[in-house]
Amino acid sequence: MKICIREFEKRDLEASLRIWNQVIEDGVAFPSMEILDSEEGFRFFREQTYTGVAENTDTGEILGLYILHPNNIGRCGHISNTSYAVSKEARGNGIGEKLVLDSLCKARECGFRILQFNAVVGTNHAALQLYKKLGFVRLGVIPGGFLMKDGHYEDIILHYYLLEDGK
Numbered sequence: 001m002k003i004c005i006r007e008f009e010k011r012d013l014e015a016s017l018r019i020w021n022q023v024i025e026d027g028v029a030f031p032s033m034e035i036l037d038s039e040e041g042f043r044f045f046r047e048q049t050y051t052g053v054a055e056n057t058d059t060g061e062i063l064g065l066y067i068l069h070p071n072n073i074g075r076c077g078h079i080s081n082t083s084y085a086v087s088k089e090a091r092g093n094g095i096g097e098k099l100v101l102d103s104l105c106k107a108r109e110c111g112f113r114i115l116q117f118n119a120v121v122g123t124n125h126a127a128l129q130l131y132k133k134l135g136f137v138r139l140g141v142i143p144g145g146f147l148m149k150d151g152h153y154e155d156i157i158l159h160y161y162l163l164e165d166g167k
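In full-length UniProt numbering, the protein residues as written are 1 to 167.
This is how it looks when you write it as structure tokens:
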């Protein structure tokens, strides 16, 4: 399977919404609780600094995506934030890593100096392992910072990555 990470286009909307909403419905990784419809989703993906999709170039299927945007405004506007989503069927094939690596390059291109994750859920072991492998710095833990779909709370772990020197 050959994966290409490229910019989101309108033709990617249905597949991107399916993947994004799948993560929201799972209720174990994204803070959002609201499913996006087509109109909201198109606006949401287009309003980001950049939305990238992972396309299987053999089949044209969209297997994952990420959004990149400022984490804050003004004097903290040089800090970016991203969210990643990979379809359930495609997980475990290295697509998440490709999305993260592409987002680091794109964040640099867009002039960001830092990439920060505000809420990596402590039970998201695959993401935590990937971020450690790629050199993200773990900042700390917010106990019970994430409300799981089943109503219990899990810790969230903050991370950052310095983009100007790649460390």
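Where a beta carbon is used, it is the ideal one built from N, C-alpha and C, also for glycine.
Quantities reported herein were computed from a predicted structural model and do not represent experimental measurements.
Annotated as proximal: I24 and S32, with beta-carbon spacing under 9 Å.
Pairwise C-beta distances place the region 40-53 out of contact with the region 85-92, as fewer than three of them are shorter than 8 Å. Secondary structure note for V100: it is in no beta strand (DSSP E), and the uninterrupted alpha helix (DSSP H) holding it is 95-109. When the five nearest sequence neighbours on each side are left out, the beta carbons in the same chain lying within less than 8 Å of the beta carbon of L99 are those of I5, G52, A54, G64, L65, Y66, Y84, V86, in order along the chain.
Of all alpha-carbon atoms in R18, E97, M1, the one lying nearest the alpha-carbon of G135 is that of E97. Taking the Cα positions, I95 is about 33 Å away from G74. Distance from D58 to K2 at the Cβ level is roughly 6 Å; contact confirmed, criterion being Cβ atoms closer than 8 Å. For D155, the enclosing beta strand (DSSP E) stretches over residues 153-162. Distance from the CA of G77 to the CA of K106, rounded to the nearest whole angstrom, comes to 16 Å. For the pair G27 and K149, the CB atoms are nearer than the 9 Å cut-off. Listed in chain order, the non-local C-beta contacts of Y153 below 7 Å within the same chain comprise G144, F146, L147, local neighbours out to five positions each way being set aside.
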